[in-house]
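If you're matching positions, the sequence shown starts at 14 in the working numbering and goes up one per residue.
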Amino acid sequence: MKDERLLSIDALRGFDMLFIMGGAALLVALAEWFPCSFTQALAEQMDHVEWHGLRHHDTIFPLFLFIAGISFPFSLAKQRQKGRSAWAIHRKVIVRGLMLVFLGVVYNGLLDFDFENLRYASVLGRIGLAWMFAALIFIHTGWKARVGITALLLVGYWLVAGFIPAPDGGGEDIFSAQGSIVGYVDRILLPGRIYYGNIDPEGILSVVPAIGTALLGMFTGELVKKRSKEQGAGGKTVLWMILAGIIMLAIGLLWNEVFPINKKMWTSSFVMVVGAYSVLMFALFYYIIDVLQWRRWTFFFTVIGMNSITIYLAQKFIRFSYTSEKLFGGLVKLMPENSWAFFTQVAYIAVCWLFLYVLYRNRIFLKV
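Here it is as structure tokens:
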């Protein structure tokens, strides 16, 4: 493989971020326009489950973290080839992790200076901390130690969350927000506002299994990196990923019997099931794009994927909806009334994508 940058990584990241960039709302609007059992089933997948269980919308965040993990073995090898010192590599990892934590707090309203009601936990903070600790583990260990550490993190989290109730739980289910030790740690240690009042989905203790999610991505990236130089190894690599996905899915479903799949607690069963989904999705994209070399269709997703953090932050601070209404609002009103919501979302996605395309053409990328 001449170019070690895998186009499948950017394309899959872009596919994942599309749901945050209006894709989920687009499918909901489609169900309103053409109501039937299939579209309704799709629409139901575009929201998080209330507590235990799994929908597609629950996979978006962990897939992004998994993809960040895939990229790291390539990035680390490149830095070492350039002669970067161990100190410089460590500093870059730590600065990136802490910068994501900071950007997450900015996203949540730091500049309002209402520190008492500010939410300090965040999606970007979870990505930053989980990826940072996983990267440090990856740098200092071999693959056997990494597997052992990942297992220790996930089993250890299960033993803590599954057998230690919250002291203030009032006898509630140990896997409930109020009854879990996970929520208790957030209530006593997290400053500012806790997202659900009694537990934060990006809270303190659940960082531990999220490190496992990032490490699973790094295992995948290392597998692809090592085998990419072997002639004709692409197909075999895909088979290894499929096998890994099947094993993780089986483990996750079995674990669900005693430790329920739950995104808000980021349970170990959730890590395994969504890890299976992530590796299988990457196997699909890798096979089509990097093995079969079918790449023309990927451009739309690549533009999003190469500036994924940018569009995540930009939607918070730029009113793309205002721009899309001014540019396409009149055209939307020419459509049948029951399709307005759908075409409004199409217009919104188009404006966001054009914004990213301008950045792409000018080689402007937010790299944290």
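All C-beta atoms in this analysis are idealised placements derived from N, C-alpha and C, irrespective of residue type, glycine included.
Since this is a predicted model, take the numbers as computed values, not measurements.
Nearest-angstrom beta carbon gap, G141 and L111 [assumed within contact, 8 Å]: Sequence index remark: in the sequence shown, residue 111 carries index 98 (1-based). Sequence index remark: in the sequence shown, residue 141 carries index 128 (1-based). That belief holds up - the Cβ atoms of L111 and G141 are roughly 7 Å apart, short of 8 Å.
Reference T52; option with closest CA among F355, L218 and A363: In the sequence shown, residue 52 corresponds to position 39, counting from 1. Comparing Cα positions, the closest option is F355.
I102 Cβ short of 8 Å to the ligand FMN heavy atom set: Within the structure as shown, the ligand FMN is missing, as the structure has no ligands at all.
Nearest residue (CA-CA) to K249, options E338, D127 and L236: Reading the sequence shown from its first residue, position 236 is the one you call residue 249. Ranking the options by Cα distance to K249, first place goes to L236.
V118 versus Y133 - alpha carbon distance: Translated into the one-based positions of the sequence shown, residue 118 becomes position 105. Translated into the one-based positions of the sequence shown, residue 133 becomes position 120. Spanning the two alpha carbons is a distance of roughly 6 Å.
Residue range of the alpha helix (DSSP H) that includes L124: Your numbering for residue 124 matches position 111 in the sequence shown. From DSSP, L124 is part of no alpha helix (DSSP H); its letter is neither H nor E.
Cβ separation of R159 and L256, assumed to be a contact under 8 Å, to the nearest whole Å: For this step, residue 159 is matched to residue 146 along the sequence shown. For this step, residue 256 is matched to residue 243 along the sequence shown. Wrong, their Cβ atoms sit about 18 Å apart, outside the cutoff.
Close Cβ partners of M30 (< 6 Å) along its chain, the five nearest in sequence each way excluded: Here residue 30 is taken as the residue at index 17 of the sequence shown, counted from 1. Answer for M30: I317 and S321, listed in chain order.
Outcome for R386 when other beta-carbon atoms lying within 10 angstroms are tallied against a minimum of 16: With the chain covering 14 to 381 only, the question about residue 386 has no answer from this structure.
Cβ neighbour criterion (16 or more within 10 Å) applied to A190: What you label residue 190 is simply residue 177 of the sequence shown in a count that begins at 1. Buried is the call here.
Three CB pairs or more closer than 8 Å across the region 350 to 367 and the region 38 to 48: yes
Neighbourhood of V251 by C-beta distance below 8 Å, restricted to the same chain and skipping five residues each side: What you label residue 251 is simply residue 238 of the sequence shown in a count that begins at 1. Here the set comprises A296, Y299, Y300 and V304.
Between the CA atoms of K238 and M261 - distance to the nearest angstrom: In the sequence shown, residue 261 corresponds to position 248, counting from 1. In the sequence shown, residue 238 corresponds to position 225, counting from 1. Distance between the alpha carbons of M261 and K238 is about 21 Å.
Opening and closing residue of the alpha helix (DSSP H) in which Q53 lies: As a first step, residue 53 must be located in the sequence shown, where it is residue number 40. Run containing Q53: S50 to E57, per the alpha helix (DSSP H) assignment.
Bridge partners - D205, DSSP secondary structure assignment: Numbered from 1 along the sequence shown, position 192 holds the residue referred to as residue 205. It should be pointed out that residue 205 corresponds to Gly in this sequence rather than to Asp. The partner list for G205 (beta bridge, DSSP) reads R132.
For W64, the nearest candidate out of P214, P180, G230 and P86 (CA to CA): Here residue 64 refers to the residue found at position 51 when the sequence shown is read from its first residue. Nearest C-alpha to W64: P214.
Contained alpha helix (DSSP H) runs [length at least 4] in the region 17 to 87, N- to C-terminal order: 20 to 31, 37 to 46 and 50 to 57
Three-state class that DSSP yields for S189 in the structure shown: Taking the first residue of the sequence shown as 1, we reach residue 189 at position 176. It is coil, neither helix nor strand.
Burial state of K380, where buried means 16 or more other Cβ atoms lie within 10 Å: Here residue 380 corresponds to residue number 367 of the sequence shown, with the count starting at 1. K380 should be labelled exposed.
Own chain partners of I362 with C-beta closer than 8 Å, once the 5 adjacent residues on each side are dropped: In the sequence shown, counting from the first residue as 1, residue 362 sits at position 349. Taken in chain order, the residues that qualify are L31, M34, G35, G36 and L39.
Close Cβ partners of T163 (< 6 Å) along its chain, the five nearest in sequence each way excluded: Within the sequence shown, numbered from 1, the residue matching residue 163 stands at position 150. G225 and L228, listed in sequence order.
Coarse secondary structure for P178, derived from DSSP in three states: For this step, residue 178 is matched to residue 165 along the sequence shown. Three-state result, P178: strand.
C-beta contact flag for H61 and K276 at 9 Å: Against the sequence shown, residue 61 aligns to sequence position 48. Against the sequence shown, residue 276 aligns to sequence position 263. Going by C-beta atoms, H61 is nearer than 9 Å to K276.
Residue interval of the alpha helix (DSSP H) (run including G234): Locating residue 234 in the sequence shown gives position 221, counting from the first residue. It spans V220 to R240 - the alpha helix (DSSP H) in which G234 sits, taken as one unbroken run.
Contact between the region 119 to 133 and the region 76 to 89 (3+ Cβ pairs under 8 Å): no
For L372, three-class secondary structure by DSSP: Taking the first residue of the sequence shown as position 1, residue 372 is located at position 359. Helix at L372.
Residue interval of the alpha helix (DSSP H) (run including Y300): Here residue 300 refers to the residue found at position 287 when the sequence shown is read from its first residue. Note, Y300: premise wrong, no alpha helix (DSSP H); not H, not E.
Three-state secondary structure assigned by DSSP to F356: The residue labelled residue 356 in the question sits at position 343 within the sequence shown. The answer is helix: DSSP assigns F356 an H, G or I state.
Close Cβ partners of A56 (< 7 Å) along its chain, the five nearest in sequence each way excluded: Looking up residue 56 in the sequence shown gives position 43. L40, V41 and A44.
Cα-Cα separation between G258 and S291, rounded to whole angstroms: The count along the sequence shown starts at 1 and reaches residue 258 at position 245. The count along the sequence shown starts at 1 and reaches residue 291 at position 278. Using only the alpha carbons, I get a separation of about 8 Å.
Residues of its chain near R109, where Cβ-Cβ distance is below 8 Å and the 5 sequence neighbours each way are ignored: In the sequence shown, counting from the first residue as 1, residue 109 sits at position 96. For R109, where only same-chain residues beyond five positions count, the Cβ hits under 8 Å are G141, W144, M145 and V381.
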